[in-house]
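What follows is one structure encoded as structure tokens, with my remarks underneath.
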Amino acid sequence: MMNKPDTFPSPVSGLLDDRMWASIDNEAMALPFCDACSKAIYPPANCCPSCFRFDLTWKTISGRGKILSWTRFHRSYLPEYPAPYNVIAVQIEEGAVLVSNLAGGEPADGDWIGKKVRMVYESFSGKMLPRFQLSEESDPRLSLNGDDASCANVCRHGACHGLDS
Numbered sequence: 030m031m032n033k034p035d036t037f038p039s040p041v042s043g044l045l046d047d048r049m050w051a052s053i054d055n056e057a058m059a060l061p062f063c064d065a066c067s068k069a070i071y072p073p074a075n076c077c078p079s080c081f082r083f084d085l086t087w088k089t090i091s092g093r094g095k096i097l098s099w100t101r102f103h104r105s106y107l108p109e110y111p112a113p114y115n116v117i118a119v120q121i122e123e124g125a126v127l128v129s130n131l132a133g134g135e136p137a138d139g140d141w142i143g144k145k146v147r148m149v150y151e152s153f154s155g156k157m158l159p160r161f162q163l164s165e166e167s168d169p170r171l172s173l174n175g176d177d178a179s180c181a182n183v184c185r186h187g188a189c190h191g192l193d194s
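Counted the way this note's numbering counts, the sequence shown spans residues 30 to 194.
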């Protein structure tokens, strides 16, 4: 369960992330990508933390990913976040790991890790924020004869297909 805050503290923006927050306000989150190694850079920086190159191009991200980790806070540390609330780490398709919340309900089976999610945008105090919802999209690589359900019964999290990373 996640309580939705009525207000949200304004993000502290700086020169490096103003473009990201502007893209979020337009409901199309963009991140810088390294022209040399193609890595998505989050948080935004003026050089690639992988290869230390300065040639970057901003691109809109897909918003699709999978949950790597999660926790639930039962104590409110900010009045804008009434307890309980969840925090998730999501690896987006582009490779970067974003920290956000899971909106719209929790996994029915209680198993969060590896769940596919998609980014949604919600307005808090007039500011758009990226959050994630469970995705109904299936991964075609997990399909056996087009039947994802039978594959899920055979292999947990795609381990038999080498997708458990």
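Every residue, glycine too, gets a C-beta built ideally from N, C-alpha and C.
Starting from the Cα of residue i, find the closest Cα among the options and give me that residue.
i, options, result
"Asn130", "Ala137, Leu45, Val119", "Val119"
"Ala57", "Cys76, Asp138, Met157", "Met157"
"Ala132", "Cys80, Phe62, Gln162", "Gln162"
"Asp140", "Trp50, Tyr106, Cys77, Lys95", "Lys95"
"Pro78", "Trp87, Cys66, Lys88, Thr89", "Cys66"
"Gly143", "Asp47, Gly134, Ile121, Leu97", "Leu97"
"Glu123", "Asp47, Phe62, Glu165, Gly43", "Phe62"
"Gly134", "Ser164, Tyr106, Pro108, Phe153", "Ser164"
"Ser154", "Ala137, Glu109, Pro136, Ile121", "Glu109"
Please confirm whether residue i and residue j have their CB atoms less than 8 Å apart.
i, j, result
"Trp99", "Val116", "yes"
"Arg93", "Asp64", "no"
"Ala74", "Leu45", "yes"
"Pro111", "Arg101", "no"
What's the call for residue i, buried or exposed, on a 16-neighbour Cβ count within 10 Å?
i, result
"Ser91", "exposed"
"Leu60", "buried"
"Pro72", "exposed"
"Pro159", "buried"
Please look up how many angstroms separate the CB atoms of residue i and residue j, rounded, as I've assumed it's under 8 Å.
i, j, result
"Arg147", "Trp87", "Rounded, the Cβ-Cβ distance is 21 Å, inconsistent with contact."
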